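In our numbering, the protein residues as written are 71 to 374. Have a look at the structure below, then the notes.
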Amino acid sequence: MKGIAAIGEVMIELAPLHPPTLRLGYAGDTYNTAIYLARHGVPVSYCTHLGQDRHSDAILAQLAHEQVNTQLISRHPIRLPGLYMINNLPDGEREFSYWRDQSAARLLFSEVQPPVGLFEHAMIYLSGITLAIISPEARAHLFEQLADYRARGGRVAFDSNYRPRLWPDQATAQNTTRQCLQLTDIALLTLDDEQLLWGEADEAISLARLRALGLTELVVKRGAKPALVSEQGGDWQPCPVVKVSNVIDTTAAGDSFNAGYLSARLMSANCATAVRTGALCAGAVIQHKGAIVDRDAYNTSHQD
Ligand code: ADP
C-alpha cells in the first residue's frame, strides 16, 4: 500500500479582489491538504465527485499541475461543484456565503460508490466536512469500509473541522465525529472546533475529554499557542509553533498544518518534529492571501 488518499469536496471560490471584482479560485479543506501534501513529495490521490463543466475541468487541471493523482475522481453528468464567496466585513473580519447543497460531491458514496483504488492507499485522510456533506447512509457505509480497511493494515487520519451549518443538528455532528474517532489512527483536531462542537467553555475540560479517548495519536491545534500531542492517551506534550508576526489570512492554516504533520510522520519523524513541520507549513500559508499559496511563496516561506 502506498501514499495517501484524501476524500472530500472542492468548491469554486470567489474572493474579493478590488470590489466589485472577484477572484476565481478552487479550494476545500481536504483538497487544500492534498495539494500541500503533494508539495511535500507525498504520493497523494484526491477522491471526490465533480461535474462535466469547465470548472470541474479546471479543478482536475490544478490537481494534475500540483502532482495530485486524480484517478479516484468521478464526474456527474449534470451536477456541478459547490460554490462559496468570501465577504470582507468592515472590521477586517470575513464571512462566507455558500451554494453547495446540490453539489456533485454530495453524492459521494451514495450514488457514487467508493472507487476500488481508494482502499489500496497506505492512509486515508478525511474530515468532518467530508462526513457532513454526504448522506447518513453513505456515512454508515463508509465507516464499515474504513473498519475493514484498518483491519487490513490501512491507517486513517481525521480532522473534525466542525462547521455547524453543514449539520442538521449538533447531536448528529457529535455522534458522527465520535464514531469516526473510533476509526482514527491520527486525529488532528482544533481546540476551537472541539469547544464549539461539545459546548465546552473551559479548555481543561476539552483536553481531559479528548485524552480519555485514548487515541493512538492525537494532535490538538491551538492557533499561535503550542499544539498539544497525546499518544495512546498519555500526558499532553506541548509542541511550540513557529511565531508569525505578519499574519495576513489564516484560511487553510489547519489544512496545511495537517499536510506538513502527515508528511513528516510518513517519513518516520516523531510527533514533536511533525508538529514543527506542520507549523512551518501553516506559518507560511497564513502570511499570504487564500487557501492555496503560490508555489514559490510557499517554498520560500516554509523553510527553517
Ligand atoms: P484551524 O485553521 O483549523 O482553525 P488553528 O487556528 O489552530 O486551526 O491553526 C492551525 C495551525 O496554524 C496552528 O497549529 C499553528 O501552527 C498555525 N497558526 C494558526 N494561527 C497562527 C498564528 N497566529 N501564528 C502562528 N501560527 C499560527
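Even glycine gets a Cβ: it sits at the ideal position worked out from N, Cα and C. Note that this is a predicted model, so its numbers are computed, not measured.
Exposure label - residue i; buried when at least 16 CB within 10 Å
{"i": "F166", "result": "exposed"}
{"i": "R335", "result": "buried"}
{"i": "L259", "result": "buried"}
{"i": "G304", "result": "exposed"}
{"i": "G98", "result": "buried"}
{"i": "R109", "result": "buried"}
{"i": "M193", "result": "buried"}
{"i": "I148", "result": "exposed"}
{"i": "P151", "result": "buried"}
Pairwise C-alpha distance: residue j and residue i
{"i": "D127", "j": "E136", "result": "14 Å"}
{"i": "N231", "j": "I203", "result": "12 Å"}
{"i": "D325", "j": "Y106", "result": "8 Å"}
{"i": "L283", "j": "A297", "result": "18 Å"}
{"i": "Q183", "j": "D319", "result": "36 Å"}
{"i": "K359", "j": "H146", "result": "31 Å"}
{"i": "R281", "j": "N102", "result": "28 Å"}
Beta-carbon proximity check, residue i vs residue j, cutoff 8 Å
{"i": "G95", "j": "A85", "result": "yes"}
{"i": "E207", "j": "S180", "result": "yes"}
{"i": "Q220", "j": "T246", "result": "Just to set this straight, residue 220 is Arg in the shown sequence, not Gln. Cβ distance not < 8 Å, so R220 and T246 don't count as in contact."}
{"i": "Y154", "j": "E83", "result": "yes"}
{"i": "V355", "j": "V289", "result": "no"}
{"i": "L212", "j": "L251", "result": "no"}
{"i": "S276", "j": "D229", "result": "no"}
{"i": "I256", "j": "A227", "result": "yes"}
{"i": "L178", "j": "T118", "result": "yes"}
{"i": "L261", "j": "Q244", "result": "no"}
{"i": "S333", "j": "T343", "result": "no"}
Residue i: CB within 7 Å of a non-hydrogen atom of ligand 1
{"i": "R292", "result": "yes"}
{"i": "T246", "result": "no"}
{"i": "G348", "result": "yes"}
{"i": "G324", "result": "yes"}
{"i": "T100", "result": "no"}
{"i": "A352", "result": "yes"}
{"i": "A97", "result": "no"}
{"i": "V429", "result": "Residue 429 lies beyond the stretch modelled for the chain, which goes from 71 to 374, so this question has no answer here."}
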